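If you're matching them up, the sequences are chains A and B in order. Residue numbers for the first sequence, in my numbering: 1 to 181. Residue numbers for the second sequence, in my numbering: 182 to 627. Glycine included, C-beta positions come from ideal geometry on N, C-alpha and C. Because the structure is a prediction, the values reported are computed rather than measured.
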Amino acid sequence: MDRLKRAALITRLLENLKDKGSWCGETHAQKASFFVQHLMKVPLEFEFILYKHGPFSFDLRDELTSLRADGLIRLEPRWPYGPTIKPTELARKLQNNYHRTLGLYENKIAYVADKLGAKGVADLERLATALYVTGQQGAGDPPEKRAAKLSEIKPHISADQALASIREVDQMIEESQTILH
Amino acid sequence: MPKHTHEIRDPIHVFVRLDNPERDVLNSKPFQRLRHIHQLALTYLVYPGATHKRFEHSLGVMELASRVFDVITNPDNVSGEIRNRLEPLGKADSDAWRYWRRVLRMAALCHDIGHLPFSHAAEDLLPEGWDHERVTREIIASEEMRQIWENMTPPLRQEDIIKLTVGPNKVKDLQFSDWEAILSEIIVGDAFGVDRMDYLLRDSHHLGVAYGKFDHYRLIDTLQILPTPSPSEENQSGGEPTLGVDEGGVQSSEALMVARYFMYSQVYFHPVRRIYDIHIKDFLKDWLPGGVFTTDIRKFLSITDNEVTATLRKAAFDDGEPGHSHARRIVRREHFKRLYERNPIDVGINPEAGREIFDALSRQFGTDMFRHDRYSQKGGSPDFPVRMRDGRIVSSLAVSEVLNKVPVVSVDSVFAERGIFDKAERWLNENREKIIEPRKEEDANG
Numbered sequence: 001m002d003r004l005k006r007a008a009l010i011t012r013l014l015e016n017l018k019d020k021g022s023w024c025g026e027t028h029a030q031k032a033s034f035f036v037q038h039l040m041k042v043p044l045e046f047e048f049i050l051y052k053h054g055p056f057s058f059d060l061r062d063e064l065t066s067l068r069a070d071g072l073i074r075l076e077p078r079w080p081y082g083p084t085i086k087p088t089e090l091a092r093k094l095q096n097n098y099h100r101t102l103g104l105y106e107n108k109i110a111y112v113a114d115k116l117g118a119k120g121v122a123d124l125e126r127l128a129t130a131l132y133v134t135g136q137q138g139a140g141d142p143p144e145k146r147a148a149k150l151s152e153i154k155p156h157i158s159a160d161q162a163l164a165s166i167r168e169v170d171q172m173i174e175e176s177q178t179i180l181h
Numbered sequence: 182m183p184k185h186t187h188e189i190r191d192p193i194h195v196f197v198r199l200d201n202p203e204r205d206v207l208n209s210k211p212f213q214r215l216r217h218i219h220q221l222a223l224t225y226l227v228y229p230g231a232t233h234k235r236f237e238h239s240l241g242v243m244e245l246a247s248r249v250f251d252v253i254t255n256p257d258n259v260s261g262e263i264r265n266r267l268e269p270l271g272k273a274d275s276d277a278w279r280y281w282r283r284v285l286r287m288a289a290l291c292h293d294i295g296h297l298p299f300s301h302a303a304e305d306l307l308p309e310g311w312d313h314e315r316v317t318r319e320i321i322a323s324e325e326m327r328q329i330w331e332n333m334t335p336p337l338r339q340e341d342i343i344k345l346t347v348g349p350n351k352v353k354d355l356q357f358s359d360w361e362a363i364l365s366e367i368i369v370g371d372a373f374g375v376d377r378m379d380y381l382l383r384d385s386h387h388l389g390v391a392y393g394k395f396d397h398y399r400l401i402d403t404l405q406i407l408p409t410p411s412p413s414e415e416n417q418s419g420g421e422p423t424l425g426v427d428e429g430g431v432q433s434s435e436a437l438m439v440a441r442y443f444m445y446s447q448v449y450f451h452p453v454r455r456i457y458d459i460h461i462k463d464f465l466k467d468w469l470p471g472g473v474f475t476t477d478i479r480k481f482l483s484i485t486d487n488e489v490t491a492t493l494r495k496a497a498f499d500d501g502e503p504g505h506s507h508a509r510r511i512v513r514r515e516h517f518k519r520l521y522e523r524n525p526i527d528v529g530i531n532p533e534a535g536r537e538i539f540d541a542l543s544r545q546f547g548t549d550m551f552r553h554d555r556y557s558q559k560g561g562s563p564d565f566p567v568r569m570r571d572g573r574i575v576s577s578l579a580v581s582e583v584l585n586k587v588p589v590v591s592v593d594s595v596f597a598e599r600g601i602f603d604k605a606e607r608w609l610n611e612n613r614e615k616i617i618e619p620r621k622e623e624d625a626n627g
């Protein structure tokens with residue numbers, strides 16, 4: 001995907017997350033982008049690996065830095081945690097040039113923001129890792145088996161939490177079908 | 182009495198010490214090759230002092246990695262929560278602690294072992310799917326190195342060295358434990374990686390500039406493994422462990438980030454240095470069979486800056502040699518001149534203004550007359566945990582105004598061949614606004 005087109009999508013996602021009450025730090029941007037790409041099939045073309053707080057893309061991290069260099073986003077420090085990422089007026093101008101692309105993916109981005117906007121870092125880690133495990137093992141695998149894998153990857157996530165996260169992700173997969181088709 | 186420890190003089194760290202098994206790595210063919218790979222490619226054509234090599238930098242990275250390891254694993258610097266989460270921290274000076282210290286030192290020593298001639302300048306000239314980190318991985322797993330790892334006491338697992346050397350960004354098929362992630366952060370980490378610490382200090386020293394210097398003694402002394410501060414209610418004990426600093430290290434962290442900014446903006450992205458990188462890449466494309474480096478490790482290890490430089494000089498004075506025109510531009514200092522430079526006004530109109538200008542100039546005057554250089558700083562924001570004096574752990578960006586204001590370095594330049602420079606410049610001045618004007622998607626084809 002063309003870099004500026006992708007920048008329009010990322011900044012729109014960040015705006016939607018903020019509108020839904022998200023802290024909108026880097027972890028929130030990472031996990032929401034993972035859902036947009038892997039659940040809603042929006043071709044952002046980032047490569048995600050399992051890393052800190054679950055799925056993480058070094059490409060996306062670099063891209064967020066580039067967006068800062070281009071003045072499309074800025075960081076707003078918030079005591080005492082990490083900063084909030086804020087799209088700027090320039091990002092709005094950029095989005096105006098990509099109505100067609102935004103129109104194509106608007107409802108998918110809005111769905112992810114709606115589901116994840118209110119969640120904290122720990123919730124996002126559990127859910128994104130649950131989606132990652134489901135993607136690796138296939139949604140046909142029993143939830144208990146996927147939950148066990150999730151707990152194995154992230155030992156600090158309890159069995160109950162893991163199963164709840166897998167079930168929540170299954171629910172999102174089911175809901176997403178209506179939007180995707 | 183036989184000597185077990187060997188000292189090497191170093192202009193930055195005074196002495197770098199190795200024991201006998203570690204000296205076997207130093208004496209290996211892949212490592213000795215680094216004596217012939219310039220740290221900063223052709224930068225010596227701009228800053229004559231920049232003749233230092235990857236060899237001494239690698240020794241420096243090993244030395245700093247050891248110092249960081251000793252500080253962050255010192256029981257006085259480790260909280261109970263972190264100790265429980267990272268098993269080898271349980272007992273300092275245990276077998277596990279000694280094993281991982283050795284792995285870290287060897288990973289640091291070998292982190293550049295797969296570098297191509299002229300370092301990053303030629304990075305794109307590896308076949309699809311390869312980069313210097315993958316070559317590094319292959320070399321660490323090679324037969325010569327395997328024997329060295331196996332002869333150490335205890336033997337080192339190749340996979341452990343590879344993980345720490347290359348880091349999770351480039352070893353996507355291997356999973357990292359929290360402990361391994363922390364150790365790889367010591368070498369290649371975004372905030373406190375000792376690779377960067379050493380090259381900033383060393384490059385500054387050799388180039389004769391002060392931009393890259395910072396108080397690394399103080400900084401390293403304040404490093405700690407800390408949980409990432411997290412706003413999540415159910416996770417008050419903190420997020421994933423990562424490298425952070427004690428409150429007393431905030432100023433030296435700021436100095437490191439400012440040093441990085443100045444070195445990038447004043448040295449690494451110096452326009453003449455950048456165009457020499459492009460010219461050497463153009464030369465190598467013409468000179469190498471098929472325009473790419475071999476990934477046969479034995480053959481790969483036989484090519485250094487020396488072989489390329491000898492050919493470059495010959496090609497510069499013989500128009501029958503492959504790459505003659507590019508070699509001439511370097512050896513006779515007839516490099517392209519910068520015609521367009523990224524600026525805030527143009528970026529505000531179109532963040533990819535340089536690409537538009539390059540394309541327009543190429544259409545107007547011919548592609549071979551111009552080169553486009555686009556690069557943006559990698560890595561994230563300087564956001565790391567800080568342990569305050571009252572015990573709270575907060576984000577560095579919440580306590581440091583300086584860190585919030587360090588700019589991101591980004592390059593977007595167009596260079597022109599000297600013979601056409603004036604004409605192209607006049608044409609660009611007349612057409613610039615129209616060229617960079619952003620097109621709405623509906624107006625664009627496709």
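How many angstroms separate the CA atom of Arg620 of chain B from the CA atom of Asp540 of chain B?
Counting from one through the second sequence, the residue named residue 620 of chain B turns up at place 439. Counting from one through the second sequence, the residue named residue 540 of chain B turns up at place 359. When only Cα atoms are considered, Arg620 of chain B and Asp540 of chain B end up about 15 Å apart.
Tell me the DSSP bridge mates of His451 of chain B?
Numbered from its first residue, the second sequence carries residue 451 of chain B at position 270. Note: His451 of chain B sits in no beta bridge, so no partner.
Give every residue of the same chain whose Cβ lies closer than 6 Å to the Cβ of Lys351 of chain B, excluding the five residues on either side of it in the sequence, and list them in chain order.
Here residue 351 of chain B corresponds to residue number 170 of the second sequence, with the count starting at 1. Cβ within range, chain order: Glu314.
Min CB distance Ile109 of chain A to chain B below 8 Å:
For the purposes of this step, residue 109 of chain A is taken as residue 109 along the first sequence, with counting starting at 1. No, Ile109 of chain A does not count as interfacial toward chain B.
State yes or no: is the beta carbon of Ser66 of chain A nearer than 8 Å to at least one beta carbon in chain B?
As a working mapping, residue 66 of chain A is identified with position 66 in the first sequence. Yes, because at least one Cβ of chain B sits closer than 8 Å to the Cβ of Ser66 of chain A.
Which first and last residues belong to the alpha helix (DSSP H) in which Gly491 of chain B is found?
Taking the first residue of the second sequence as position 1, residue 491 of chain B is located at position 310. Gly is not the amino acid found at residue 491 of chain B; the sequence shown has Ala there. Start and end: 486-497.
Quick one: grab the DSSP three-state call for His194 of chain B.
In the second sequence, counting from the first residue as 1, residue 194 of chain B sits at position 13. DSSP places His194 of chain B in coil when its eight states are reduced to three.
On the three-state DSSP scale, how would you describe Phe58 of chain A?
Working through the first sequence from its first residue, we reach residue 58 of chain A at position 58. Here Phe58 of chain A sits in helix by DSSP.
Does the beta-carbon distance from Val375 of chain B to Ile363 of chain B come in below 8 Å?
The count along the second sequence starts at 1 and reaches residue 375 of chain B at position 194. The count along the second sequence starts at 1 and reaches residue 363 of chain B at position 182. Cβ distance not < 8 Å, so Val375 of chain B and Ile363 of chain B don't count as in contact.
Pick out whichever of A:Thr101, A:Phe34, A:Gly25, A:Thr27 has its Cα sitting closest to the Cα of Arg3 of chain A.
Against the first sequence, residue 3 of chain A aligns to sequence position 3. The residue from A:Thr101, A:Phe34, A:Gly25, A:Thr27 with its alpha-carbon nearest to that of Arg3 of chain A is A:Thr101.
So His553 of chain B is in the beta strand (DSSP E); what residue range does that whole segment cover?
Within the second sequence, the letter at position 372 stands for residue 553 of chain B. Boundaries of the beta strand (DSSP E) around His553 of chain B: 551-557.
For the segment 18-49 of chain A, enumerate the residues whose C-beta is nearer than 9 Å to any C-beta of chain B, in chain order.
Cβ contacts with chain B: Trp23, Gly25, Glu26, Thr27, Glu47, Ile49.
Compile a chain-ordered list of the residues in the segment 351-368 of chain B whose CB is closer than 8 Å to at least one CB of chain A.
For the segment 351-368 of chain B, the residues whose beta carbon sits under 8 Å from a beta carbon of chain A are, in order, Lys353, Gln356, Phe357, Ala362.
Interface positions of the segment 553-569 of chain B facing chain A (Cβ-Cβ less than 8 Å), listed along the chain
Legend: CB atoms of the segment 553-569 of chain B lying less than 8 Å from CB atoms of chain A belong to residues Ser557, Gln558, Lys559, Gly560, Gly561, Ser562, Asp564.
Endpoints, alpha helix (DSSP H) assigned at Gly261 of chain B:
Sequence index remark: in the second sequence, residue 261 of chain B carries index 80 (1-based). Unbroken alpha helix (DSSP H) run through Gly261 of chain B: 261-266.
Assigned secondary structure, Thr186 of chain B (DSSP; H/G/I helix, E/B strand, else coil)
Along the second sequence, one-based indexing puts residue 186 of chain B at 5. Looking at Thr186 of chain B - three-state DSSP - the assignment turns out to be strand.
Distance check for His53 of chain A and Ile157 of chain A, CA to CA, integer angstroms please.
Position 157 of the first sequence, counting from 1, holds the residue named residue 157 of chain A. Position 53 of the first sequence, counting from 1, holds the residue named residue 53 of chain A. Each residue's alpha carbon lies about 11 Å from the other.
If we define contact as Cβ-Cβ less than 8 Å, is Val133 of chain A a contact residue for chain B?
As a working mapping, residue 133 of chain A is identified with position 133 in the first sequence. Taking Cβ atoms only, chain B never reaches closer than 8 Å to Val133 of chain A, which makes this a no.
Just verifying my parser: in three-state terms, what is the DSSP assignment at Phe212 of chain B?
Taking the first residue of the second sequence as 1, we reach residue 212 of chain B at position 31. Helix at Phe212 of chain B.
Would you mind reading off the limits of the alpha helix (DSSP H) that contains Phe236 of chain B?
The residue labelled residue 236 of chain B in the question sits at position 55 within the second sequence. For Phe236 of chain B, the enclosing alpha helix (DSSP H) has its first and last residue at 235-253.
Distance CB(Ile456 of chain B)-CB(Arg552 of chain B) smaller than 8 Å:
Looking up residue 456 of chain B in the second sequence gives position 275. Looking up residue 552 of chain B in the second sequence gives position 371. Result yes, Cβ atoms of Ile456 of chain B and Arg552 of chain B sit closer than 8 Å.
From Lys20 of chain A to Val242 of chain B, what distance separates their C-alpha atoms?
Here residue 20 of chain A corresponds to residue number 20 of the first sequence, with the count starting at 1. Here residue 242 of chain B corresponds to residue number 61 of the second sequence, with the count starting at 1. Whole-angstrom Cα-Cα distance: 45 Å.
Could you check whether the Cβ of Tyr51 of chain A sits closer than 8 Å to any Cβ belonging to chain B?
Here the question's residue 51 of chain A lines up with position 51 in the first sequence. So, interface residue.
Please identify, using Cβ separations under 7 Å, the residues of the segment 568-590 of chain B that lie next to chain A, in order along the chain.
The residues in question are Arg573, Val575, Ser576, Leu578, Ala579, Asn585, Val589.
Quick one: what does DSSP say Gly103 of chain A is sitting in, helix, strand or coil?
As a first step, residue 103 of chain A must be located in the first sequence, where it is residue number 103. Helix at Gly103 of chain A.
Where Arg74 of chain A and His301 of chain B are concerned, what is the direct C-alpha to C-alpha distance, given to the nearest angstrom?
For the purposes of this step, residue 74 of chain A is taken as the residue at position 74 of the first sequence. For the purposes of this step, residue 301 of chain B is taken as the residue at position 120 of the second sequence. The C-alpha of His301 of chain B is placed about 29 Å away from the C-alpha of Arg74 of chain A.
Ignoring anything shorter than 3 residues or poking outside the segment 21-105 of chain A, list the beta strand (DSSP E) runs there in chain order.
With a minimum length of 3 residues, the unbroken runs of beta strand (DSSP E) contained wholly in the segment 21-105 of chain A fall at 49-51, 54-56, 73-76, 84-87.
Tell me the residue span of the beta strand (DSSP E) that contains Phe596 of chain B.
By 1-based counting over the second sequence, the position of residue 596 of chain B is 415. Its beta strand (DSSP E) spans residues 591-597.
Residue-level contact to chain A via CB, Pro192 of chain B, 8 Å cutoff
Here the question's residue 192 of chain B lines up with position 11 in the second sequence. No, Pro192 of chain B does not count as interfacial toward chain A.
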